[in-house]
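Everything in the sequence shown is counted per the UniProt record's numbering, starting at 1 for the first residue and increasing by one.
By construction, the Cβ of each residue, glycine as well, lies at the ideal position given by its N, Cα and C atoms.
Computed from a predicted model, the values in this text were never measured in an experiment.
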Amino acid sequence: MLFSDFFSNLAFGMLTLALLPPINDWVYIVVYTIYAITILGTIVIIITENRNPVKSLAWVLVLAFLPIVGLVFYIFFGQNFKAKRMVSRRIKRKLRKRDYHSIVNIDSLPLNEESKQEIRLCHSLCSVPYYSGSHVKIFTSGEDKFKHYLQDLEIAQEYIHIQYYIFEDDKLGNRVKEVLLRCARRGIQIRILYDDVGCWSVKKRFFKEMQDAGIAVRPFLEITFPQLASRINYRNHRKITVIDGKIGYIGGMNIADRYVEGTKWGTWRDTHLRIEGPAVRGLQLLFAVDWSYECKEVLSDSRFFPPVADKGKSGIQIAPGGPIGEWSNIAMLFLKAITNAKKNVYIQTPYFLPTESLVKALQTAALAKVDVRLMIPERSDSTVLRFASFSYITEMLRAGVKVYFYQPGILHSKTIIIDDELCSVGSTNFDFRSFEHNFEANAFIYDREVNSEMKRIFLEDQQQCRRIIQHYWRHRPLYQKGIESIMRLLSPVL
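1) Can you tell me which of G245, F207 and W327 puts its alpha carbon nearest to the alpha carbon of H437?
2) Under a Cβ-count criterion, where at least 16 other Cβ atoms within 10 Å of its own Cβ denotes burial, should T383 be classed as buried or exposed?
3) Can you check DSSP and say which residues form a bridge with L459?
4) What residue from T267, K171, D290 and G252 has the CA that sits closest to P408's CA?
5) Do you know offhand how far R238's Cα is from I250's?
6) Suppose the cutoff is 6 Å on Cβ atoms and the five residues either side in sequence are ignored; what does the same chain contact list for R474 look like?
7) Any idea which residues DSSP pairs H161 with across the strands?
8) What are the partner residues of N442, as DSSP defines its beta bridges?
9) Here's a check: name, in chain order, each residue in its chain whose Cβ is nearer than 6 Å to the Cβ of Y159, leaving out the five neighbours to either side.
10) Let me check one thing: in DSSP terms, what residues is E276 bridge-paired to?
11) Rounded C-beta distance between G322 and F439? I'm assuming under 8 Å.
12) From N344, G482 and S357, pick the residue whose C-alpha is nearest to that of E421; which is it?
13) Quick one: Cα of F390 to Cα of K481, how far?
14) Give the single residue among R281, T271 and I324 whose Cα lies nearest to the Cα of Y293.
15) Check the DSSP bridge columns for F167 and list the partner residues they point to.
16) Kindly give me the distance between the Cβ atoms of I240 and I192, rounded to whole angstroms, as I take these residues to be in contact under 8 Å.
17) If you draw a straight line from the C-alpha of M487 to the C-alpha of F139, how long is it?
18) What does DSSP give as the partner residue(s) for I416 in the beta ladder?
19) Does the beta-carbon of S127 have 16 or more other beta-carbons within 10 angstroms, so that it is buried, or is it exposed?
20) If I measure Cβ to Cβ from K243 and keep anything under 6 Å in the same chain, skipping five residues before and after, which residues do I get?
21) When we look at the beta-carbon of S132 and count the other beta-carbons within 10 Å, is it buried (16 or more) or exposed?
22) Leaving aside the five residues before and after R466 along the sequence, list all residues of the same chain whose C-beta is less than 8 Å from its C-beta, in chain order.
23) Below 8 Å, how does it come out for the region 115–123 and the region 297–306: are there three or more Cβ pairs, yes or no?
24) Is N112 helix, strand or coil by DSSP?
25) Which residue spans inside the region 195–225 form an unbroken alpha helix (DSSP H) run of at least 4?
26) Any idea what DSSP makes of W268, helix, strand or coil?
27) Write down the C-beta distance between S413 and N442 rounded to the nearest angstrom, noting that I regard them as a contact closer than 8 Å.
28) Would you give the residue range spanned by the alpha helix (DSSP H) that Y130 belongs to?
29) Assign P320 to one of two classes, buried (16 or more other C-beta atoms within 10 Å of its C-beta) or exposed (fewer than that).
30) Closest to A221 by C-alpha separation, out of R281, V197 and I215, would be which residue?
31) Compare the beta carbon distance of K147 and R274 with 8 Å and say whether it is the shorter of the two.
32) For W265, which residues from the same chain have a beta carbon less than 6 Å from its beta carbon, with the 5 sequence-adjacent residues on both sides left out?
33) Rank M210, D371 and N236 by C-alpha distance to the C-alpha of I166 and give the top, closest one.
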């Protein structure tokens, strides 16, 4: 990493000089010689980092054909997160001791062998326990979710822990804020983590009003100039809430009006879960790790991990994803689930930029006559990612994957349903950024009733979709194919 840091710092300086008019020919030659060396040095670093070769090639192409723009993008979005632990092993052990009773004999669980394999893999990758006895409520409407959410906040007795990528200063954001202020006035301890980039446009006074009321509010990976290049690419995309250690929320919905009111394109369709029971401890553990990193406060007191009675029969694992671990946790869990599928694989995602291994897994499943269905939005909040997603459609159709374009608005749901027993809901998009760069969180649920309900929801959404037929897709406009091809080359770095 020393060479990488050196070239990053050099690149900042040389980029500034390169954009200035030269003083004379000699200075011009020196500046652009050093600039060329910087570009070549950066390319060498990319190649020697032994990262994904597809991703390396994408960065090399960007630097080769758009050197100035490419260098800027690499400085801010191309460097690997420094290989350091966010939280020490000692602190993690201290937090996980609170979950000692969650250890179960996986072989004895009344689940099929494929689910047991998924549980073992999740434990190996993430060191998270399997929680039995939880109750899950599924929300597909922001209005419904936030109605229950605000009611749950109002009945908090001890503490509220909130973590969101986006917490807007809009009508919904202020409704949530007013409830939290009332809770703070009656002595409820409240901690809030928000992502500094996700809340980039939110004025500081919005959060300061809560801080002045005694609420602990912190940005995650705050962007300051010395750390700009090393932090801006790694964002906390998690959406988690824990109330008294007994009620938890996890999913894809942020705190913003569009999740309730929709947008000019129509409804903003996402999925979120309300969890009661032992699995809330998994949400608390994840929040505690992130809070410890940002605030140096270890939330290991027993009141944060109270004994919780069974509330249902769902088995759940809370899986974190992020750039600091050895493995791409959630991508590998998806890969295992897809390769184990025998009947069906149903996927909803706003962006479809899968890794090569996931492409092959989906193709293999479809060719083996597993019912593989992919649902993405026809319109997207990102034109670039829309065309990048479309670039994968042909190879999905060729293998027999059924592809559906959601029509009523923006589909932002992030779910996967496997056969009759396993499903996952969370913040993870089916793309490189979620798998490799963002801090994500997904609930993996092992329950036939929840799976059946998720399948029913998927099929209802499918009724509002346009199915893509290979023959017609092949005849889309030539300019669109060209844009898709360019975006496909860049997809590993988007």
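According to the structure shown:
1) Taking H437 as reference, the option from G245, F207 and W327 with the minimal CA-CA separation is W327.
2) So T383 counts as exposed.
3) DSSP output for L459 lists no bridge partner at all.
4) If we check each option's Cα against that of P408, T267 comes out closest.
5) When rounded, the distance between both Cα atoms is 8 Å.
6) Taken in chain order, the list of residues that qualify is empty.
7) Its beta-bridge partners are R191 and V242.
8) DSSP, once it has assigned bridges, lists A319 and G426 as partnering N442.
9) So the qualifying residues of the chain are Q189.
10) In DSSP, E276 forms a bridge with H135 and I247.
11) 4 Å between Cβ atoms; contact.
12) Taking only the C-alpha atoms, the option nearest E421 is N344.
13) Rounded to the nearest angstrom, the two C-alpha atoms are 9 Å apart.
14) For Y293, the closest C-alpha among the options R281, T271 and I324 is that of I324.
15) I255, per the DSSP bridge assignment.
16) About 11 Å; that fails the 8 Å criterion.
17) Roughly 33 Å separates the two Cα atoms.
18) Bridge partners of I416: I347 and S424.
19) Exposed, by the Cβ-count rule.
20) For the record, residue 243 in the displayed sequence is Ile; it is not Lys. Cβ contact annotation for I243 (same chain, cutoff 6 Å, sequence separation greater than five): D152, A156 and I160, in chain order.
21) Classification for S132: buried.
22) Excluding sequence neighbours, R466 sits near E378, Y404, F405 and Q407.
23) Proximity of the region 115–123 to the region 297–306 falls short of the contact definition, fewer than three beta-carbon pairs being nearer than 8 Å.
24) Residue state, collapsed to three classes: coil.
25) As far as the region 195–225 is concerned, its whole alpha helix (DSSP H) runs of at least 4 residues are 204–212.
26) Looking at W268 - three-state DSSP - the assignment turns out to be strand.
27) So it is not a contact: roughly 13 Å between Cβ atoms.
28) Bounds of any alpha helix (DSSP H) do not take in Y130, whose DSSP letter is neither H nor E.
29) With 16 or more other Cβ atoms within 10 Å, it is buried.
30) The sequence shown places Leu at residue 221, not Ala. When each option's Cα is compared against that of L221, the closest is V197.
31) Taking the C-beta atoms as reference points, R274 is found no nearer than 8 Å to K147.
32) If we look at W265 and ignore the five residues flanking it on each side, its Cβ neighbours are R379, G409 and I410.
33) If we check each option's Cα against that of I166, N236 comes out closest.
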